[in-house]
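Participant: Please see the structure below; I have some questions.
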Amino acid sequence: MNPHTTRWLAGLRAYLAQLAPADEIPPPPDAAAREARRVLLDSMRWWSAEELPRLLAARRERLLAGPPRAEDDPDPAVVLTTTPAGLAAAAEAFAAEPPAGLVVLPEVEYRRWCRLEPDESHAHHVCCWNWLKTHVPPKRWGEFAAWPLGEGEVYWLHRVGAAGVAAEELRRTRLLAFDGTRSRLLAEDVRERAFE
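Numbering of the sequence shown is given in my numbering, commencing with residue 86 and proceeding in unit increments.
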């Protein structure tokens, strides 16, 4: 990690530390929050073991292949944006050994930080996301007619992706059905027509 990246990452961590007291206790989760946390925990464990090393290797290869820019760090900070259920999942997933340079935060705080310390070309960091949309409006359900719901189920969208790795963002959306207790995978990769 170069000194510019180290400074950018230290600034982000300092920014997050001053936002909320560390001893804040979250409310007890309901069934949907527990299931969202479970889905995200499984995904984050796989992501850190399998996907993240591949993404960082691809970034390194891209930087070595292209015209060099002094500001591009081949060992960037890793920002993972997620939801409250994802923050709880990340605390468990990365408790023992977090990936080097990793910061997990809500997307809104990432956007605020990037306004304070822009890194639009992703010279110093890669941004990954891993979160669930647990309220898909019924008006969008027609998009997913090829994957019908069972009695009492609703659609969930599990969105994952990365920016700063390749020339364009990498995105994937998994479609799940949630019955009030457990979710089940309907499709590994769907194309969304709307992003509400």
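We treat Cβ as the ideally placed atom computed from N, Cα and C, and that holds for glycine.
1. Nearest-angstrom Cα distance between Leu-140 and Val-250?
2. Considering only the alpha carbon of each residue, which of Val-221, Pro-191 and Gly-265 lies closest to Thr-331?
3. Pairs of beta-carbons, one from the segment 224-234 and one from the segment 192-200, closer than 8 Å: are there three or more?
4. Out of curiosity, what's the CA-to-CA distance linking Ala-279 and Arg-256?
5. My parser needs the beta strand (DSSP E) runs of 3 or more residues fully inside the segment 209-269; what are they?
6. Could you check the C-alpha separation between Leu-97 and Gly-237 for me, to the nearest Å?
7. Just mark Pro-138 as buried or exposed, buried being the case when its beta carbon has 16 or more other beta carbons within 10 Å.
8. Would Pro-203 be called buried (16 or more neighbouring beta carbons within 10 Å of its own) or exposed?
Facilitator: On the basis of the supplied data:
1. Rounded to the nearest angstrom, the two C-alpha atoms are 6 Å apart.
2. Shown here, the chain extends from 86 to 281; a query on residue 331 therefore has no answer.
3. Verdict: no, contact absent.
4. For Ala-279 and Arg-256, the distance between alpha carbons rounds to 14 Å.
5. Complete beta strand (DSSP E) runs here, min 3: 210-218, 239-248 and 255-263.
6. Taking the straight line from one Cα to the other gives about 42 Å.
7. Classification of Pro-138: exposed, given that the 10 Å Cβ count is below 16.
8. With a threshold of 16 other beta carbon atoms within 10 Å, Pro-203 falls short and is exposed.
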